[in-house]
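Asks:
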Amino acid sequence: MAEAGVASRRKSEELIAKGHVRVNGKIVTEMGIKVDHQDKIEVDGMPLEEEKKRYILMYKPRGVISAVTDDKKRKVVTDLLEDVQERVYPIGRLDYDTSGLLLLTNDGEFANHLMHPRYHVEKTYVAKIEGVLTTEEIKKLEGGIKLKGFTTAKAKVKVMSKDKKKNSSIVRITIHEGHNHQVKNMFDAVGHKVEKLARESYGFLTLDGLVSGKYRNLTRQEVAELKKDNK
1 MAEAGVASRR KSEELIAKGH VRVNGKIVTE MGIKVDHQDK IEVDGMPLEE
51 EKKRYILMYK PRGVISAVTD DKKRKVVTDL LEDVQERVYP IGRLDYDTSG
101 LLLLTNDGEF ANHLMHPRYH VEKTYVAKIE GVLTTEEIKK LEGGIKLKGF
151 TTAKAKVKVM SKDKKKNSSI VRITIHEGHN HQVKNMFDAV GHKVEKLARE
201 SYGFLTLDGL VSGKYRNLTR QEVAELKKDN K
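Numbers 1 to 231, taken from UniProt numbering, label the letters of the sequence shown in order.
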């Protein structure tokens, strides 16, 4: 179902558990049942047809939700897709007020690989923070910060500029995890509030050639490289 673009793997499991899925006319609620192309699969009475795989790199603007729907009727990233017929969804998420590189796909296996921490996909962010980091604070960020429920892995931190008059600075930080609000929480933990945040790269991918709100398809070579990195 995830590969056919119906929903993410987790959402697909929920649909199965709630009895929305039929295989050869019978409701299926158990996970892991094997099917092939000869089986007739329906979701809420609609036949399941495998979609063409789609891989999209988007420059997400601030003020847009990294989701396909929002109960508060706010704009979501899929609202920005003008010529995409496939039912794609974001790989991971960026906060509502965070901009930058976001990947979308309808390939569930590909998405799960990229999101799994053991594959160490580096994500680089540029943050405008209150105050100026000390050498000791940089060492703490790079060595691992204890947050609620976990300790972050080692990070790379570089102060790009300082403005002592405005009491702010621009910092580039690279992590390979993806916990909710992780970058903001890391800076908070060393006493610096994030005023603005953008993700400028994901692995070897960058935003070169894109402006905010626009997107492009990943090339076959880029998709192959990402899959190769995750084997």
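Yeah, the Cβ is synthetic: ideal placement off N, Cα and C, and Gly gets one too. Please read all numbers here as calculations on a predicted model, not as lab measurements.
1. Please confirm if the stretch 82-96 is in contact with the stretch 52-64, defined as three or more CB-CB distances below 8 Å between the two stretches.
2. Would you please state the rounded distance, in angstroms, between the beta carbons of Thr152 and Gly144? I believe it to be under 8 Å.
3. Whole angstroms is fine: what's the gap from Arg74's alpha carbon to Val68's?
4. I'd like the span of the beta strand (DSSP E) that includes Glu86, first residue to last.
5. Output the distance between the C-alpha atoms of Ser201 and Gly191, rounded to the nearest integer angstrom.
6. Hey, out of Met31, Lys52, Ile27, whose CA is closest to Lys40's CA?
7. Quick check: what's the CA-CA separation for Val35 versus Ala17?
8. Is the Cβ-Cβ distance between Tyr55 and Lys214 less than 8 Å?
9. Determine the direct distance from the alpha carbon of Arg87 to that of Glu50, and round the result to whole angstroms.
10. Take Lys162 and list the residues in its own chain whose beta-carbon comes closer than 6 Å to its own, dropping the five residues that flank it on each side.
Replies: Reading it off the structure:
1. yes
2. For the purposes of this step, residue 152 is taken as the residue at position 152 of the sequence shown. For the purposes of this step, residue 144 is taken as the residue at position 144 of the sequence shown. Indeed they touch by this definition, with Cβ atoms about 5 Å apart.
3. Locating residue 74 in the sequence shown gives position 74, where the first residue counts as 1. Locating residue 68 in the sequence shown gives position 68, where the first residue counts as 1. Between Arg74 and Val68, the C-alpha separation is close to 11 Å.
4. On the sequence shown, position 86 is the one that residue 86 refers to. From DSSP, Glu86 is part of no beta strand (DSSP E); its letter is neither H nor E.
5. Here residue 201 corresponds to residue number 201 of the sequence shown, with the count starting at 1. Here residue 191 corresponds to residue number 191 of the sequence shown, with the count starting at 1. Taking the straight line joining both Cα atoms gives about 25 Å.
6. Counting from 1 along the sequence shown, the entry for residue 40 is found at position 40. Nearest option by C-alpha distance: Ile27.
7. Along the sequence shown, one-based indexing puts residue 35 at 35. Along the sequence shown, one-based indexing puts residue 17 at 17. Near 17 Å, if we compare the C-alpha coordinates of Ala17 and Val35.
8. Here residue 55 refers to the residue found at position 55 of the sequence shown. Here residue 214 refers to the residue found at position 214 of the sequence shown. Result no, Cβ atoms of Tyr55 and Lys214 do not sit closer than 8 Å.
9. Working through the sequence shown from its first residue, we reach residue 50 at position 50. Working through the sequence shown from its first residue, we reach residue 87 at position 87. Approximately 11 Å between the Cα atoms of the pair.
10. Within the sequence shown, the letter at position 162 stands for residue 162. Answer for Lys162: Val132, Ser169, listed in chain order.
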